[in-house]
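What follows is a short report on a single structure.
Number of protein chains: 2
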Amino acid sequence: MQIGEASAASGVTAKMIRYYEDIGLIPSAVRKDSGYRLYDESDVHRLRFVLRARELGFSTERIRDLLRLWNDQRRPSREVKRLASERIAELEAQIARMQALRDTLKHLAAACDGDSRPHCPILRDLAGDGEG
Amino acid sequence: MQIGEASAASGVTAKMIRYYEDIGLIPSAVRKDSGYRLYDESDVHRLRFVLRARELGFSTERIRDLLRLWNDQRRPSREVKRLASERIAELEAQIARMQALRDTLKHLAAACDGDSRPHCPILRDLAGDGEG
DNA sequence: CTTGACCTTCCTACCGTTGGAAGGTTTATG
DNA sequence: CATAAACCTTCCAACGGTAGGAAGGTCAAG
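Residue numbers (the working numbering), protein chains in the order written: chain A, 1 to 132; chain B, 1001 to 1132.
Below, the structure is given as structure tokens:
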């Protein structure tokens, strides 16, 4: 099948398939005489794997690792679990950071009247008026 | 003061100060005969405002809005509060998305033995083996 | 033979930030 | 006065991941 069909079957856009090939995340596709890329079911399977890993927020480099482990029949599941745990830790850290921002903004917003008058604790905070 | 001192006083790198000027987020700095940019306390104050807004994750365009409101003595605080509320909603959405990812990964990681054997529910999920 | 869907490569942009190269200016010191 | 070193200037490129478009080649059906 050509790239369009592989794209439809995998959910990865043709643009991204070419990009993934370009950066070496997936092997170079076989070409027809015309230069068109050709894919088979196993390529589509791999693209779906990449898509799912991206949906879970793994970076390109981590997906590279995951693909390598996927292809390695003798992998220790320990290594896969470690990558997942690292991703979980990243997510926890990001979540905590965002929750802190949200809480700060909520406090500020709660203190702001939100009417037609100019007085505003939000701007006051941004301006650092309560800092030193 | 020159850009280096303004940078140290505000916490915004000289690189970013030039960039903010370039995109019109802050006004063009006055120049010495040598071409060096010159700043005063109010410039530093504005840079700190921008830095704080960025720390809270506001986009450049939102910061543009916030600066405009900050400078407008007749602003309705309603508008500031609305921007903050929008940012809170963005954060809530991002947090929820990341929590969902984290939970999925936690379930998968919990089901993975993490030993020397190759069997791995995480790779199984990524490969979509349980999808159709 | 033409239409149109599909493909190719290459260049551009987004966002916010960082790095570096190549060169000019200012200040302090020998 | 010369020189070093700290500072500044502009310009160009990169990061990650994705998207858009231009200019052109290919292939099937009508």
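No residue lacks a Cβ here, since even glycine has one placed at the ideal position from N, Cα and C.
Neighbour flag for residue i against chain A, beta carbons, 8 Å
{"i": "B/P1118", "result": "yes"}
{"i": "B/K1032", "result": "no"}
{"i": "B/G1004", "result": "no"}
{"i": "B/S1042", "result": "no"}
Closer than 7 Å at the beta carbon, the chain A residues around residue i
{"i": "B/L1108", "result": "A84"}
{"i": "B/M1001", "result": "Chain A residues near B/M1001: none, gap ~18 Å exceeds 7 Å."}
{"i": "B/E1092", "result": "R102"}
Residue i and residue j closer than 8 Å at C-beta
{"i": "B/Y1039", "j": "B/M1001", "result": "yes"}
{"i": "A/L126", "j": "B/A1053", "result": "yes"}
{"i": "B/K1106", "j": "A/I88", "result": "yes"}
{"i": "B/L1047", "j": "B/A1006", "result": "yes"}
{"i": "A/L101", "j": "B/G1004", "result": "no"}
{"i": "B/E1079", "j": "B/L1069", "result": "yes"}
{"i": "B/S1077", "j": "A/D22", "result": "no"}
Contacts of residue i in chain B (Cβ-Cβ under 7 Å)
{"i": "A/I88", "result": "R1102, L1105, K1106, A1109"}
Whole-angstrom distance between residue j and residue i, CA atom to CA atom
{"i": "A/E90", "j": "B/K1081", "result": "31 Å"}
{"i": "A/G35", "j": "A/L25", "result": "20 Å"}
{"i": "B/D1072", "j": "B/R1064", "result": "12 Å"}
{"i": "B/R1037", "j": "B/R1018", "result": "9 Å"}
{"i": "A/L123", "j": "B/H1119", "result": "55 Å"}
{"i": "A/R10", "j": "A/V44", "result": "Reading off the sequence shown, one finds Ser at residue 10 of chain A, where the question assumed Arg. Taking the straight line from one Cα to the other gives about 5 Å."}
{"i": "B/Y1020", "j": "B/L1108", "result": "44 Å"}
{"i": "B/A1014", "j": "A/V12", "result": "40 Å"}
{"i": "B/D1103", "j": "A/E86", "result": "14 Å"}
{"i": "B/E1055", "j": "B/D1115", "result": "41 Å"}
{"i": "A/R29", "j": "B/G1128", "result": "Looking at the sequence itself, residue 29 of chain A is Ala, so the reference to Arg does not match. Answer to the nearest angstrom: the Cα atoms are 22 Å apart."}
Min CB distance residue i to chain B below 8 Å
{"i": "A/A53", "result": "yes"}
{"i": "A/I122", "result": "yes"}
{"i": "A/I17", "result": "no"}
{"i": "A/G11", "result": "no"}
{"i": "A/L56", "result": "yes"}
{"i": "A/I95", "result": "yes"}
{"i": "A/L66", "result": "yes"}
{"i": "A/L69", "result": "yes"}
Any non-hydrogen atom of the ligand COA closer than 7 Å to residue i Cβ
{"i": "A/R75", "result": "This structure lacks the ligand COA, and indeed carries no ligand of any kind."}
Residue i: contacting residues in chain B (beta-carbon distance under 8 Å)
{"i": "A/P76", "result": "D1115, S1116, R1117, P1118"}
{"i": "A/R48", "result": "A1127, G1128"}
Own chain partners of residue i with C-beta closer than 8 Å, once the 5 adjacent residues on each side are dropped
{"i": "A/L51", "result": "S10, G11, V12"}
{"i": "B/A1008", "result": "none"}
Beta-carbon neighbours of residue i, restricted to chain A and to distances below 9 Å
{"i": "B/L1025", "result": "Those do not exist, as B/L1025 stays about 14 Å from chain A at its closest Cβ, beyond 9 Å."}
7 Å CB neighbourhood of residue i in its chain, flanking five on each side removed
{"i": "A/K32", "result": "L38"}
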